[in-house]
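Let me begin by presenting the structure, written as structure tokens, before commenting on it.
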Amino acid sequence: MNNKSIGVFDSGLGGLTAVKQIMRELPNENIIYFGDTGRVPYGTRSRDTILKYTRGDIRFLKTFDVKVIVIACGTASSAALPMIKDEFDVPIVGVIDAAVYAAVRATKNKKIGVIGTPGTIKSGEYEKQIKEYDSDMQVYERACPMFVPLVENGYFDTPVTKIIVEEYLEEIRAQGVDTLILGCTHYPLLEKVIHEYMGDGVTLINSGAEVAKYLKKKLDGEMAHNDRIDEHQYRYYVSDDISSFEELGGIFLEREINGQVNKIDIEQY
Ligand code: DGL
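Structure, rendered in structure tokens:
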């Protein structure tokens, strides 16, 4: 048994889509979430900046003596984690491995699409990892920078959303992929429109849901579950305004988080 908390972080509130899945898979675990709302977005920043922010976020979560840290952010998982994973004495799990594992099992025609922020796509990490499984796989990638602001402004399923989805996904669809990795925290909220555009024949891989399944397997394997099942708790930390996080975070998480959020100065870590 291991009653320490699971630490999760993201550049902002998007990572709550992964937290929702972790709560489903592992309902008895304590979760400490950090959303770097003061420095979001990460997806359009240089690799050096993403590395610096990611290291600070990990150092902050380590102050809680967590048993594992989950990087819910697609950008930090792809542009930073491969370089820094050996710097810390705590297991760190990113979203890429889990999403790639699911995608290579889902595809029948070996054509996989990947969408994410510019930072994620520039890192080349998805293509690299997919080809490590099978070098015959064909990978079609596309950065979709307008998806994050659409989601943050509540444009989940509007005519504008549909036009932008078509603009970004036209080429990937034309390549005949049968599997598409949603490689960013925010994209599950666009899943309906993306599914309608790509069609029933294309399996969408939700990286947050896959990392939650992966984490469950990892805790099962290491017998590292929390056994104080009546006492689990959720705590949220942000680096900017609390009230907007509470409001939008509730939508991402589909549960009320008012009164459970604290603000910290992430520059100190
Ligand atoms: N959380 C980021 C990701 O999954 C999206 C928002 C941002 O650009 O920081 O890549």
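Note that my numbering numbers the sequence shown so that position 163 is 188, with each residue one more than the last.
No residue lacks a Cβ here, since even glycine has one placed at the ideal position from N, Cα and C.
Taking the CA atoms as reference points, proline 184 sits about 22 Å from leucine 273.
Under DSSP, phenylalanine 59 takes part in a beta bridge, and its partners are Phe34, Tyr262. Counting only residues of its own chain and dropping the five nearest sequence neighbours on each side, isoleucine 117 has a CB closer than 6 Å to the CB of Ile94, Lys110.
Inter-segment contact for the segment 136-146 and the segment 96-116 is present: three or more beta-carbon pairs are separated by less than 8 Å.
Judged by DSSP secondary structure, tyrosine 67 falls outside any beta strand (DSSP E); it is assigned neither H nor E. Following the DSSP letters along the chain, one finds alanine 199 inside the alpha helix (DSSP H) bounded by residues 184-199. Closest option to phenylalanine 113, judged by alpha-carbon separation, among Ile289, Gly39, Lys87, Asn231: Lys87.
Closest by C-alpha distance to glycine 68, out of Phe181, Asp35, Glu50, is Asp35. Counting C-beta atoms within 10 angstroms of its own C-beta, methionine 223 has 16 or more neighbours from the protein chains shown and is therefore classed as buried. Inclusion of alanine 123 and tyrosine 212 in the CB contact set at 8 Å is not warranted, their separation being larger than that value. Under the three-state reduction of DSSP, glutamate 166 is assigned to strand. Taking all protein chains shown into account, serine 71 has fewer than 16 neighbouring C-beta atoms within 10 Å of its C-beta and is therefore exposed.
Contact between glycine 81 and glycine 60 does not hold, since the beta-carbon distance rounds to 13 Å and is not under 8 Å.
Fewer than three pairs of CB atoms, one per stretch, sit closer than 8 Å, so the segment 73-80 makes no contact with the segment 37-54. Scanning the segment 214-242 for uninterrupted alpha helix (DSSP H) segments of 4 residues or longer gives 216-223, listed from N- to C-terminal end. With 16 or more other Cβ atoms from the protein chains shown falling within 10 Å of its own Cβ, glutamate 54 counts as buried. Around the beta carbon of asparagine 134, fewer than 16 other beta carbons sit within 10 angstroms, so the residue counts as exposed.
Residue state for valine 93 is assigned as strand, using DSSP reduced to three classes. In this structure, valine 227 sits away from threonine 186, with a CB-CB distance that is not shorter than 8 Å. If you look at glycine 141, you'll find it in the beta strand (DSSP E) that goes 136-141. Measuring C-alpha to C-alpha distances from leucine 38 to each of Leu51, Lys147, Glu192, Tyr58 identifies Tyr58 as the nearest. Between isoleucine 121 and tyrosine 151, the C-beta gap is smaller than 8 Å, which places the two residues in contact. Excluding five sequence positions before and after valine 176, the CB atoms of its chain that fall closer than 6 Å to its own CB belong to His211, Leu214, given in chain order.
A straight line joining the alpha-carbon of glutamate 271 with that of alanine 234 spans about 22 Å. Within the model, the alpha-carbon separation for lysine 29 versus glutamate 192 is close to 45 Å. Checking the 7 Å criterion, the Cβ of tyrosine 67 is within range of a heavy atom belonging to the ligand DGL.
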